[in-house]
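In my numbering, the protein residues as written are 284 to 442. Working notes, beginning with the structure itself.
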C-alpha cells in the first residue's frame with residue numbers, strides 16, 4: 284500500500300479524472316486503499332491485467348491501464364486513467380500500446396473493445412492512435428452507474 288497516497292492524490296480523488304470513469308472519485312484515502320486491496324487481489328486472475336503508468340524520467344506514478352474480460356459481452360476491454368497533470372503528453376497512448384502488445388503476443392487476444400463518452404474526445408484520440416475502429420454509438424455509464432452519457436464503442440483487431 285506504499286502507493287496509496289500517490290494514487291489518491293494523483294487521480295482517485297480528482298472529480299475531473301473520475302468524470303467519465305465507472306468509479307466515483309474518492310473523498311478519503313481509505314477508499315483508495317480498499318481499491319488497491321481489490322486490485323492486488325486480482326493479480327492471479329487470468330482475465331484481469333492492470334499496470335501502473337510511471338514516468339520514465341521521474342519515476343512518478345501517473346495512472347493505470349487495464350485489460351480485462353468483460354463477462355457481459357465475453358470480450359476483452361481496455362480502460363485507463365491518468366493524473367490530470369499528465370494529460371496531453373501522449374503517456375496513455377504510449378502505455379496502452381504496450382498493454383495491447385502484451386494482450387496480443389502473450390495472451391493471444393485477437394479483439395479488444397474500447398468505449399468512451401463522446402464528451403471525452405481525448406479517449407477517442409487514444410483509441411484511434413492505437414488502431415481501434417469505430418463500431419457503434421452506445422450509452423456510456425459512469426460513476427458507478429449513476430450517470431449515463433452518449434458514448435462510442437470501438438474495436439481493435441489483431442492483424
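Positions of the beta carbon are idealized from the N, C-alpha and C atoms, including for glycine.
Considering only their Cβ atoms, is the gap separating residue j from residue i smaller than 9 Å?
i, j, result
"residue 350", "residue 332", "yes"
"residue 335", "residue 286", "yes"
"residue 410", "residue 362", "no"
Please name the residue in the options whose C-alpha comes closest to that of residue i.
i, options, result
"residue 403", "329, 432, 385 and 340", "432"
"residue 468", "340, 319 and 379", "No information on residue 468 is available, as it lies outside the stretch 284 to 442 that the chain covers here."
"residue 406", "371, 355, 352 and 285", "371"
"residue 302", "411, 410, 400 and 412", "400"
Spatial neighbours of residue i within its chain, please: C-beta separation below 6 Å, excluding the five flanking residues on both sides.
i, result
"residue 439", "395, 414 and 415"
"residue 315", "287, 290, 291, 295 and 309"
"residue 441", "387 and 393"
"residue 353", "360"
Who are the near neighbours of residue i in its chain, counting only those whose CB is closer than 8 Å to its CB and skipping five residues on each side?
i, result
"residue 398", "360, 421, 423, 434, 435, 436 and 437"
"residue 337", "343, 344 and 345"
Given that a residue counts as buried once 16 or more other Cβ atoms are within 10 Å of its Cβ, and exposed if not, what is residue i?
i, result
"residue 341", "exposed"
"residue 418", "exposed"
"residue 429", "exposed"
What's the gap between the Cα of residue i and the Cα of residue j?
i, j, result
"residue 355", "residue 330", "13 Å"
"residue 311", "residue 376", "29 Å"
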